[in-house]
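Using UniProt numbering, read the sequence shown as starting at 1 and increasing by one per residue.
So the structure is just underneath, and the comments pick up after that.
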Amino acid sequence: MQYKALDMIHDEHRALAAMLNGMRTIATGIRDGRMKVDFALYAAMIRYMEEVPEKLHHPKENEYLFALLRLRTDAANPILARLEAEHQAGGKRIHALRTALESYQTAGEAGFAAFFAALNDYVADEWQHMNTEEHEIFPLARQHLLPEDWAAIEAAFLANDNPWQGKRGEYEALFSQIVNTAPAPVGLGGSV
1 MQYKALDMIH DEHRALAAML NGMRTIATGI RDGRMKVDFA LYAAMIRYME EVPEKLHHPK
61 ENEYLFALLR LRTDAANPIL ARLEAEHQAG GKRIHALRTA LESYQTAGEA GFAAFFAALN
121 DYVADEWQHM NTEEHEIFPL ARQHLLPEDW AAIEAAFLAN DNPWQGKRGE YEALFSQIVN
181 TAPAPVGLGG SV
């Protein structure tokens with residue numbers, strides 16, 4: 001059986017991973033003296049992570065993939081509980097990252113180390129979260145979900161449309177701003 005719904009979730013994970021890698025690449029460039037900080041760019045990247053995974057992607061996972069899997073098997077319950085708790089804590093984690101960025105902006109160079117640590121923690125948590133979903137939840141879903149479950153999940157994630165732009169293009173301007181401002185190799189902006 002083909003699992004188009006899981007392919008769509010994986011594609012959204014890839015889009016989010018690209019943003020996370022971009023955030024980390026720029027921060028590493030700043031740390032190594034190859035790049036200068038662009039606070040507006042980081043604020044836009046953080047806003048994207050707040051809008052897309054926190055308000056669009058995670059709620060659909062909870063409402064469809066996780067809820068339907070919970071109906072079909074108890075085997076996933078401990079993992080699902082942990083992932084749902086991570087989804088619930090997402091807003092606080094984004095707030096902590098935004099606060100670290102604002103502190104960095106206020107303190108100048110002296111605030112970079114705390115921002116870099118907060119960013120690395122956030123990125124590591126997101127990677128672990130996506131890996132848990134793909135390596136633990138996806139196999140259980142393939143094993144236990146029924147064709148009608150897959151149809152419901154697919155319909156929900158199809159409504160997300162392009163994970164970079166959002167449904168009806170609501171994130172297109174934000175994504176374009178990020179791509180056009182971020183320096184290579186992350187985006188199309190000039191070197192900083």
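Note that the Cβ used here is the ideal one computed from N, Cα and C, for glycine as well.
Quantities reported herein were computed from a predicted structural model and do not represent experimental measurements.
Which of the three DSSP states is assigned to residue i in this structure?
i: PRO183; result: strand
i: LYS92; result: helix
i: THR73; result: coil
i: VAL52; result: helix
i: VAL37; result: coil
i: ASP11; result: helix
i: ALA159; result: coil
i: PHE149; result: It is worth fixing the name first, because residue 149 is Asp in this sequence and not Phe. Helix at ASP149.
i: GLN2; result: coil
i: ASP121; result: helix
With the cut-off set at 8 Å, would you say residue i and residue j are in Cβ contact?
i: ALA5; j: ILE153; result: yes
i: ARG93; j: LEU174; result: no
i: HIS58; j: GLU134; result: no
i: SER103; j: GLY91; result: no
i: PHE157; j: LYS60; result: yes
i: ILE79; j: ILE137; result: yes
i: ASN62; j: GLU84; result: yes
i: GLU22; j: MET45; result: The displayed chain sequence assigns Gly, not Glu, to residue 22. The answer is yes: Cβ separation under 8 Å.
i: ASP38; j: THR132; result: no
Could you tell me how far apart the beta carbons of residue i and residue j are, in whole angstroms, since I believe they sit closer than 8 Å?
i: GLU126; j: LEU41; result: No, GLU126 and LEU41 are not in contact; Cβ-Cβ is about 19 Å, not under 8 Å.
i: LEU140; j: ALA75; result: 6 Å
i: ALA17; j: MET130; result: 7 Å
i: THR25; j: PRO185; result: 7 Å
Give a yes or no on contact between the segment 69-78 and the segment 89-103, applying the rule of three or more CB pairs nearer than 8 Å. no
Between the segment 22-36 and the segment 110-117, do three or more beta carbon pairs fall short of 8 Å? yes
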